[in-house]
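Asks:
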């Protein structure tokens with residue numbers, strides 16, 4: 012693994028189903044983030060984690076949950092998917108010791124909820 | 003809360019110079035970042051300004067004026083591969099979360 016990986020690449024999901032999007036990084040970054048990107052709205056932060064064992068809510072957290080059991084993994088769960096959660100989801104990570112505040116993004120998961 | 007404004011679209015020709023502006027309103031401010039995203043791809047980091055002034059990185063430069071809550075990304079010697087969306091983002095707290103603008107779609111014409 013090099014950088015950040017996300018799985019699945021894409022998914023079509025029936026409304027009401029539970030879904031977990033996976034995110035793994037091998038850069039030992041302490042901070043990780045989940046964003047959703049909708050056309051014309053840019054990237055919006057769903058949840059974040061500044062270090063393993065802690066999580067926080069972003070701008071649009073409703074309907075989503077996260078966990079951070081270890082440094083490398085940061086899964087995002089939709090407990091009961093709704094059509095408005097159709098979006099492209101990006102996971103990102105950053106090194107809090109970096110002065111540039113650079114975030115490294117995964118390739119994204121395209122989710123369609125019908 | 004935070005809000006950022008940037009133009010939705012910019013068009014320029016190959017070899018030209020283009021400037022993408024970004025104005026922001028935040029309750030606190032730690033820095034302004036720029037990211038590039040090609041269609042269907044992941045955003046990639048371009049620059050970060052925490053202090054006023056111009057930061058130059060090859061063909062790309064970024065400027066910040068904290069007193070004006072304003073910054074811009076300057077792209078010189080435009081190439082076709084520069085056609086992409088460009089996002090400004092503010093870090094408004096020590097926790098390092100970013101708030102992104104809606105993005106500027108840059109089209110480079112031959």
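Residue numbers (our numbering), protein chains in the order written: chain F, 12 to 125; chain Y, 3 to 112. Heads up, the beta-carbon is just placed ideally off N, CA and C, and yes, glycines get one too. Every value quoted in this text rests on a predicted model; they were computed, and no experiment measured them.
Reducing DSSP to helix, strand and coil, say where residue 91(F) ends up.
Replies: The residue labelled residue 91(F) in the question sits at position 80 within the first chain. Residue 91(F): coil per DSSP, three-state reduction.
Asks: Using only CA atoms, which one of 27(F), 67(F), 83(F) and 114(F) lies nearest to residue 36(F)?
Replies: To locate residue 36(F), count along the first chain from 1; it is residue 25. Ranking 27(F), 67(F), 83(F) and 114(F) by Cα distance to residue 36(F) puts 83(F) first.
Asks: Taking C-beta pairs closer than 7 Å, name the residues in chain F that residue 182(Y) reaches, listed in chain order.
Replies: Nothing in the structure corresponds to residue 182(Y), since chain Y is present only between 3 and 112.
Asks: Is residue 39(F) near residue 17(F), with beta carbons less than 8 Å apart?
Replies: Numbered from 1 along the first chain, position 28 holds the residue referred to as residue 39(F). Numbered from 1 along the first chain, position 6 holds the residue referred to as residue 17(F). No. Outside cutoff.
Asks: Looking at the C-beta of residue 13(F), does it have a partner C-beta in chain Y at a distance below 8 Å?
Replies: Against the first chain, residue 13(F) aligns to sequence position 2. Cβ-Cβ to chain Y under 8 Å: no for residue 13(F).
Asks: Tell me the rounded alpha-carbon separation between residue 47(F) and residue 18(Y).
Replies: The residue you call residue 47(F) lines up with position 36 of the first chain. The residue you call residue 18(Y) lines up with position 16 of the second chain. Using only the alpha carbons, I get a separation of about 33 Å.
Asks: Following a CB-centred definition, is residue 86(F) positioned closer than 7 Å to any heavy atom of the ligand SAH?
Replies: Annotation note on the ligand SAH: not contained in the displayed structure, which lists no ligands.
Asks: By alpha-carbon positions, which one of 23(F), 117(F) and 111(F) ends up nearest to residue 36(Y)?
Replies: Mapped onto the second chain, residue 36(Y) falls at position 34. Closest by alpha carbon: 111(F).
Asks: For residue 41(Y), which three-state DSSP category applies?
Replies: Residue 41(Y) sits at position 39 when you count from the first residue of the second chain. Here residue 41(Y) sits in coil by DSSP.
Asks: Could you tell me which chain F residues have their CB closer than 7 Å to the CB of residue 102(Y), listed as they occur along the chain?
Replies: Taking the second chain and counting its residues from 1, one reaches residue 102(Y) at position 100. Going along chain F in sequence order, the residues near residue 102(Y) (Cβ under 7 Å) are 53 and 54.
Asks: What number of angstroms, rounded off, separates the C-alpha of residue 117(F) from the C-alpha of residue 77(Y)?
Replies: Here residue 117(F) corresponds to residue number 106 of the first chain, with the count starting at 1. Here residue 77(Y) corresponds to residue number 75 of the second chain, with the count starting at 1. When rounded, the distance between both Cα atoms is 25 Å.
Asks: Take residue 8(Y) and list the residues in its own chain whose beta-carbon comes closer than 6 Å to its own, dropping the five residues that flank it on each side.
Replies: Along the second chain, one-based indexing puts residue 8(Y) at 6. Only 24, 90, 103 and 106 meet the Cβ criterion.
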